[in-house]
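FYI, numbering that gives the first Met the number 0 numbers position 103 of the sequence shown as 102, with every residue one higher than the one before it. For every residue, glycine included, the Cβ atom is placed at its ideal position computed from N, Cα and C. From a predicted model like this one, the values you see are computed outputs, not experimental measurements.
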Amino acid sequence: MKPVGYFLSLLMLFSQSSYALVNSNAKPGSAEFLIYACQEYTELYKKREEPRFGAFLTTSKEESFRAGYCLGAIMHANSTCSYSYARSVYLAAEAIASVNFDRAYSEASLLEKAVCR
């Protein structure tokens with residue numbers, strides 16, 4: 000086996016799958032998808048501090064899409080808030096990620112409660 004093959008197999012061995020990957024039924028625009036996306040965002044945000052080599056290489060396109068969806072939704076909601084209070088993106092993502100699915104009615108109401116409060 001070539002050295003590249005050893006490196007790739009070692010990388011696959013130490014890569015961690017995301018706990019937000021179980022959401023294959025959630026569609027963009029739903030409250031459930033936003034909750035999963037913000038869970039992904041907070042997970043990636045915490046991963047940036049890890050000292051292990053190549054932590055950024057273990058992020059898939061789907062994971063980065065979901066994290067970007069959360070970031071974009073929060074930034075858009077932050078710009079449309081009628082209140083002058085602007086919350087940190089990470090704190091808003093944590094608030095959304097911790098919401099129970101039974102309490103989430105729609106994406107818009109979830110964003111308003113987490114960002115504009």
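Cβ-Cβ separation between Glu106 and Ala30: approximately 5 Å, consistent with a contact (criterion under 8 Å). In the assembly as shown, Arg65 is a buried residue. Its beta-carbon has 16 or more other beta-carbons within 10 Å. The three-state reading of DSSP puts Ser97 in coil, since its state is none of H, G, I, E or B.
By the criterion of a C-beta distance shorter than 8 Å, Ala72 is surrounded in its chain by Leu33, Ala36, Glu106, Leu110, once the five residues flanking it on both sides are discounted.
Counting along the chain, Tyr104 sits inside no alpha helix (DSSP H), nor does DSSP assign it H or E at all. Spanning the alpha carbons of Arg116 and Arg102 requires a straight line of approximately 17 Å. Beta-carbon to beta-carbon, Thr57 and Leu43 are separated by about 10 Å, too far to satisfy the 8 Å threshold. C-alpha of Ala92 to C-alpha of Asn99: approximately 14 Å in a straight line.
Only residues of its own chain outside the window of five on either side were considered, and among them Leu110, Val114 have a CB closer than 6 Å to the CB of Ala76, listed in chain order.
Within the same chain, and ignoring the five residues on either side of Ala96 in sequence, the residues whose Cβ sits closer than 6 Å to its Cβ are Cys37, Gln38, Thr41. Judged by DSSP in its simplified three-state form, Glu49 adopts coil rather than helix or strand. When the alpha-carbon of Thr79 is set against those of Ser108, Arg47, Lys46, Lys45, the nearest one is in Ser108.
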